[in-house]
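**Student:** Chains as they are written, first to last, in my numbering: chain V, 1 to 272; chain W, 273 to 562; chain A, 563 to 1001. Attaching a single structure in structure tokens format; questions to follow.
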Amino acid sequence: MKRRGALGDALVLTALALWAVPFFWQALTSIKPDTALLAVERLLAAPPTLVHYRAVLERSVMPAALANSLGVAALTTLLAVALGAPGAYALARLPVPGKHVLLLAVVACTAFPQVTIVGPLFVLLRALDLRDTWLALVLADTSFALPLVLWLLAGFVREVPMAVEEAAQIDGAGRLATLGRVVLPLIAPGIASAGLLVFLMSWNELLFAYTFTASEASRTVPVALALFPGVYEVPWGDIAAASMLASLPPILIVAGLQRWLVRGLTAGALRD
Amino acid sequence: MTARARGAARAGRVMLMPALTALLVLAAWPALWVLWLSLQRRIPVFGIERFVGPSHYVFLAGDPRFWNALEVTLVFTFVSVALEFLLGLAVALALQGQRRGRRLAVALLLLPWALPSVVTGRTFEWLYHPSAGLLNYVLGGQAINWLGEPALALPALIVADVWRTMPFVALLCYARCLTIPVEIYEAARVDGAGALATVRDVTLPLLRRVLLIALLFRTLDALRAFDLMFVLTGGGPANTTETLTVYAYRSLFQTLQLGFGAAIGVVVGALVMLVAWAYLRAMANEEATA
Amino acid sequence: MSPSFPNVPAAQYFVVRLRRAALLVVVAALAAGCAGGPAESGPVTLVFKHAKILGPSDPVPGLLREFEKRHPGVRVQAESLSWNSDDQHQFFVINLEGRGAAFDVMMLDVVWVAEFARAGWLLDLSPWVSRAELAPHFPSTIEPATWNGRVWAMPWLMNVGVLYYRTDLLAKYRLAPPRTWEALVDQVVRVRGAERDPKLDGVVWQGRQYEGLTVNALEAIWANGARVFGADGAVFPEEERAAGGLSFLRALIVSGVSPSWVTAADEELSRRHFGDGRAIFLRNWPYAMALFQAAGSPVRGRVGIAPLPGRVGGAASAASSGGAHLGVNRRTRHPALAAELVRFMAGADAQKAMSVGGALNPTRMALYRDPDVVRVHPDFPVVHDLMLKARPRPVTPAYLMLSTTLQPEFSAALVGVKRPRQAIEHARLRLSYLLEGLR
């Protein structure tokens, strides 16, 4: 492929920055005083203010929602990886009867629409008296997180050379020990990638969180933002500030852990 | 069977058991239970819970609202996936030759994709604001009610969805582009192929598989889309943005018709599975002929 | 169209300040009047879920503190829901059916009470609230509150659809407030023809696809002499007239008497447009009057309030009533205290504080003649008579199924996606299937 000059590079970057304008616009709105919001040209000129962030942090459910989302997303990730890593190893390396059907079922699970199972899950969680708890959301989110982890990690396990494992087994290590001491460290980057993806999906999830939580004390970030209350007016500035807070973890991940995220994102698709 | 192989089989079962149990309870059981629910008339408000056979499906077959929702779902899916496909491919090809600022480029691309879709919804709601929105301002001070006009609401939703998910297609294609050996391009140049011909004859064929997979993921996601409609239009105006998912959710939890809502949910599930199956068939054929 | 200002104009704040001062006086009087009361032992927290519709001058916190003062050891935590009543309903349904006990007392739209009672989500208040205690409230609020012979909720806020008109414009052309919609259209044509102001719209109302649309469309359908349910339970027995009601609304839009954006308008959008002086007529609830008469309002002193018009050859006038009740979650851990909170909030003193301090209308009829209240709301005696004549939306546990089925059909007819006849036809088809055996 022919290499471009700096001008072409700059052009592409500019185009991508333009694509991201909606986000930057929301960021700008979040630091503008209310009086400047109703006219675009004044919004550009007005001096920045933190009043919306103060309002959101002091007088809305967002701080509690951020804590809930962090807890739910982290626990979902932990559970999905804890259950998924041994399962993925078994699927990739051990003789499991009906392995192909199982793999197909796992893929089918990742594709299954949430709205199809939300009714039965509602009935199930109500029967278990789990509604309005973190556990309800962790379990519900696991229904899509676990298949994804299984699928991604099975792929990463297959990339570990057989010889490494065989060497460990000759040394007398059992299956579990081999998994724990040899395979897991080798696929650690893969686990990080899968974990990041699952964390993001759980952080962003709306339908289950909306259906399975009741009190303000258990609202997650997407629900709190979707139902952000106004009085007579829609508080656009506050909503923009809340949007920024809701975007913080994804932004940190994109900025700091980009490599792992992309790896997870492309792993399933690029493997032959 | 050797003792060692038996041990391996047992270890496999033990290691897989927790994950399988979880999936059975959290995914497989609800997926089967919903079929049973869909054959019931189940309305908790009235204490009604009885078997009615396929009558919900029969009703849906003659329900104008159902057919409208199906049409909205298909239009939304087709148009937004097509746009994501074209734009995503273009971005990937443009990025292929990028020398400097790659990390920044990827970060800019990842940003819309990684944000919660509710944030996307709120962001576009503000951009589309009739009097104070950036979009109407850029269009020269129009007062277009993007989300309130029946003819504009669905296109407005599609734009928001494309903004959010085009980067996914672009990144997958870009990642594949990076694995194409430089020698292939050099060979093409030696053969005297122009830039356009190189893309057509070298890059695109190599991207076929990844494009199919990206399309599969995106199509399945678009068929299930819920968040954007929930935030931006709630299905209105005049139900011009009510997808099957929104229709199902409203039936389930607006009026607690658990059986009727389940029937619509089953249709969404069946549609998704059908599309997934069709794609997988296409991909299998691809591999057979390749 | 009207810009949506992201903050309340300064003048409105000023009014609010005044109101707050008045409220403080009332609350202080309350506190002085009744010291002490029955106390339950141990710290107890009641959660009060209410819609955030009260405006910047929220009198609720003050009242709750007063309740706490009377019940030592009890804390009342108010949690507000989004402003959209469809969202609120969905929230309550999901959580009450999910057997949630995350809240004790809730503010219910009047049309939900029968549904929630039928579902067994509401605590039967009969042991605490007698029929006599309900008698001072508007009769139309008592029917839903006492569905099926028990007391399920107490009336709290009252509403009625009214017609606002610009007194200055009508006087200029020697017009009286219109008694029929046909006359209203004539007046709009006449005034706009003479004013030659392209920014002056005729009549604005609520046509967005939500509960407000159900109300506006039902008023049009009633005015045309049609009912939703016949005596035998048939849906839209006067089909032709029902479609005629929708056709009239559509014609308002097509002829330009109403701007096309009314199909996306809710109470506030339409109120604001009229309040900016950009419409001759407005259909809305009584709360808007205080905002029109606030200092700095462009239409201050130029707004009149009248009954909604009828139709030529149809019913005389058909304004929908509305409002909110207070009910108790059946799964509450503190039934007696929760019932006590409901009685307190629906009581005469608290309702007085609500109407003096906020722009809200009480359900107690006597307050509309109370000098302290009338001083703040001079229009209350007129509103009182309109409320007495108001027509409730169908009182049925299946109301939400009814309304959510009608909304998309009505909306489709208004924007021209379906013909009115077709919309009524589709609504009947769905309702006869969904409501089968439910009423």
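Every residue, glycine too, gets a C-beta built ideally from N, C-alpha and C. Every value quoted in this text rests on a predicted model; they were computed, and no experiment measured them.
Does any residue of chain V have a CB that is nearer than 7 Å to the CB of G662 of chain A?
**Tutor:** yes
**Student:** Determine the contact status of E971 of chain A and A985 of chain A, defining contact as a CB-CB distance below 7 Å.
**Tutor:** yes
**Student:** Check each residue of the segment 498-514 of chain W: if its Cβ is closer than 8 Å to any Cβ of chain A, include it; give the result in chain order.
**Tutor:** G506, G507, G508, P509, A510, N511, T512, E514
**Student:** If the cut is a Cβ gap below 8 Å, which residues of chain A does P439 of chain W touch?
**Tutor:** When 8 Å is used as the limit between beta carbons, P439 of chain W is near no residue of chain A, the shortest such separation being about 30 Å.
**Student:** Have a look at H612 of chain A and A154 of chain V and give me their C-alpha separation to the nearest angstrom.
**Tutor:** 49 Å
**Student:** Run down chain V in chain order and give the residues with a C-beta less than 7 Å from the C-beta of F525 of chain W.
**Tutor:** Per Cβ cutoff of 7 Å: T211.
**Student:** Return yes when the Cβ of A20 of chain V is within less than 7 Å of the Cβ of L504 of chain W, no when it is not.
**Tutor:** No, Cβ-Cβ distance for L504 of chain W and A20 of chain V is not below 7 Å.
**Student:** Please confirm if A900 of chain A has its CB atom under 7 Å from at least one CB of chain W.
**Tutor:** no
**Student:** Could you please give the first and the last residue of the uninterrupted beta strand (DSSP E) stretch that includes S883 of chain A?
**Tutor:** 883-890
**Student:** Considering D671 of chain A, what are the terminal residues of the beta strand (DSSP E) in which it resides?
**Tutor:** Unbroken beta strand (DSSP E) run through D671 of chain A: 667-671.
**Student:** Counting C-beta neighbours from all protein chains within 10 Å, is the total for N68 of chain V 16 or more, i.e. buried, or is it exposed?
**Tutor:** Buried: at least 16 other Cβ atoms inside 10 Å.
**Student:** Closest to I251 of chain V by C-alpha separation, out of V:G71, V:P120, V:N204, would be which residue?
**Tutor:** V:N204
**Student:** Buried or exposed: where does G920 of chain A fall if 16 or more other Cβ atoms within 10 Å of its Cβ makes it buried?
**Tutor:** Burial call: buried.
**Student:** Apart from the five residues on each side of it in sequence, which residues of its chain come closer than 7 Å, Cβ to Cβ, to R661 of chain A?
**Tutor:** Cβ neighbours of R661 of chain A beyond the five flanking positions: R893.
**Student:** Thinking just about the alpha-carbon of each residue, which of W:I456, W:T513, W:E559 is nearest to the one in L419 of chain W?
**Tutor:** W:T513
**Student:** Could you check where the beta strand (DSSP E) with F323 of chain W kicks off and where it finishes?
**Tutor:** 320-323
**Student:** Using a Cβ-Cβ distance cut-off of 7 Å, determine whether E58 of chain V contacts chain A.
**Tutor:** no
**Student:** At what residues does the beta strand (DSSP E) containing Q312 of chain W begin and finish?
**Tutor:** Unbroken beta strand (DSSP E) run through Q312 of chain W: 312-315.
**Student:** Among residues of its own chain, excluding the 5 on either side of L245 of chain V, which ones have a beta-carbon nearer than 7 Å to its beta-carbon?
**Tutor:** V56, M62, L66
**Student:** Just the chain W side, please: which residues come within less than 8 Å of L652 of chain A by C-beta, in chain order?
**Tutor:** Note on residue identity: the sequence assigns Gln, not Leu, to residue 652 of chain A. Listed along chain W, the residues sitting closer than 8 Å to Q652 of chain A by beta-carbon distance are F525, Q526.
**Student:** Is the shortest distance between the beta-carbon of N710 of chain A and the beta-carbons of chain V less than 7 Å?
**Tutor:** no
**Student:** Can you tell me which residues form a DSSP beta bridge with E628 of chain A?
**Tutor:** As computed with DSSP, E628 of chain A is found in no beta bridge at all.
**Student:** Excluding the 5 residues preceding and the 5 following E165 of chain V in the sequence, name in chain order all residues of the same chain whose CB lies nearer than 7 Å to its CB.
**Tutor:** Hits under 7 Å: T178, V182, V183.
**Student:** If you count every other CB in all the chains shown that lies within 10 Å of the CB of F323 of chain W, and 16 or more means buried, which is it?
**Tutor:** exposed
**Student:** On the CB-based measure, 16 or more other CB atoms within 10 Å of its CB, does M916 of chain A come out buried or exposed?
**Tutor:** buried
**Student:** Could you tell me which residues DSSP puts in a beta bridge with H699 of chain A?
**Tutor:** H699 of chain A pairs with A:R926.
**Student:** Relative to the alpha-carbon of A105 of chain V, which residue among V:L150, V:A127, V:T142, V:L137 has its alpha-carbon at the smallest distance?
**Tutor:** Ranked by Cα distance from A105 of chain V, the first of V:L150, V:A127, V:T142, V:L137 is V:L150.
**Student:** Kindly indicate which three-state DSSP category W718 of chain A falls into: helix, strand or coil?
**Tutor:** Taken through DSSP and simplified to helix, strand or coil, W718 of chain A comes out as strand.
**Student:** Measuring CB to CB, does V945 of chain A end up less than 7 Å from P848 of chain A?
**Tutor:** yes
**Student:** Skipping 5 residues on each side, what residues in its chain have a beta carbon closer than 8 Å to that of G837 of chain A?
**Tutor:** A850, L853, F854, S859, P860, V861
**Student:** Going along the chain, which residues of its own chain have a beta-carbon closer than 6 Å to the beta-carbon of G876 of chain A, five neighbours each way excluded?
**Tutor:** Excluding residues up to 5 positions away in sequence, A785, N786, G787 lie with their Cβ nearer than 6 Å to the Cβ of G876 of chain A in the same chain.
**Student:** May I ask you to report which of helix, strand or coil DSSP gives A868 of chain A?
**Tutor:** In the structure shown, the three-state DSSP call for A868 of chain A is strand.
**Student:** T475 of chain W and A460 of chain W - do their beta-carbons sit closer together than 7 Å?
**Tutor:** no
**Student:** Would you say V588 of chain A faces chain W, with C-beta separation under 7 Å as the test?
**Tutor:** Confidence in V588 of chain A is poor, its pLDDT being 47 and thus under 50, which makes the residue's placement too unreliable to answer from.
**Student:** Could you confirm whether any beta carbon from chain V is found closer than 7 Å to the beta carbon of G599 of chain A?
**Tutor:** Unreliable placement is indicated for G599 of chain A, whose pLDDT of 38 sits below 50; no coordinate value is reported for it.
**Student:** I'd like the ranges of any beta strand (DSSP E) spanning at least 3 consecutive residues and lying wholly in the segment 830-866 of chain A.
**Tutor:** 841-846
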